[in-house]
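Heads up, the sequence shown is in my numbering, so the first residue is 3 and it goes up one at a time.
C-beta: ideal position from N, C-alpha, C; glycine also.
Computed from a predicted structure; not experimentally measured.
Report on the following structure.
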Amino acid sequence: HVSHELAKKLLRPDAFGCVLSFGIKGDADVGSSVADSLKLATNFGDTKTLVIHPATTTHLQLSAEEQLASGVTPDLMWVSVGIKNIKDIIADFEEALKVVP
3 HVSHELAKKL
13 LRPDAFGCVL
23 SFGIKGDADV
33 GSSVADSLKL
43 ATNFGDTKTL
53 VIHPATTTHL
63 QLSAEEQLAS
73 GVTPDLMWVS
83 VGIKNIKDII
93 ADFEEALKVV
103 P
């Protein structure tokens, strides 16, 4: 991730927090479809595993250029892992990722 080196400088080693991000092959519509397809992982703000597609939610009001300047690409997904069984979370993501072409 573009901010990885900065995180290593500012945060404790190997303790970057509970939110991860990754890209989905495809465009913003595919990313939004993945987020909508998840059943256990929903949105930020709970002890559940939460996911958001920033390009079509939190950063929607920005132009494509402004999104890129803020580190938000059309394929970017943010995930905050909660307290559910990791096998259930993995299964949920495996099912949701089936919408990726």
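query	result
Leaving aside the five residues before and after aspartate 29 along the sequence, list all residues of the same chain whose C-beta is less than 7 Å from its C-beta, in chain order.	Pro76
At what residues does the alpha helix (DSSP H) containing isoleucine 88 begin and finish?	88 to 98
How many angstroms separate the CA atom of leucine 13 from the CA atom of valine 4?	15 Å
In the DSSP assignment, the beta strand (DSSP E) including leucine 52 goes from what residue to what residue?	52 to 54
Exposed or buried, histidine 6, counting other C-beta atoms within 10 Å across all chains shown (16 or more means buried)?	exposed
Would you decide whether alanine 66 is buried or exposed? Buried here means 16 or more other CB atoms lie within 10 Å of its CB.	exposed
Quick check on DSSP: helix, strand or coil for serine 5?	coil
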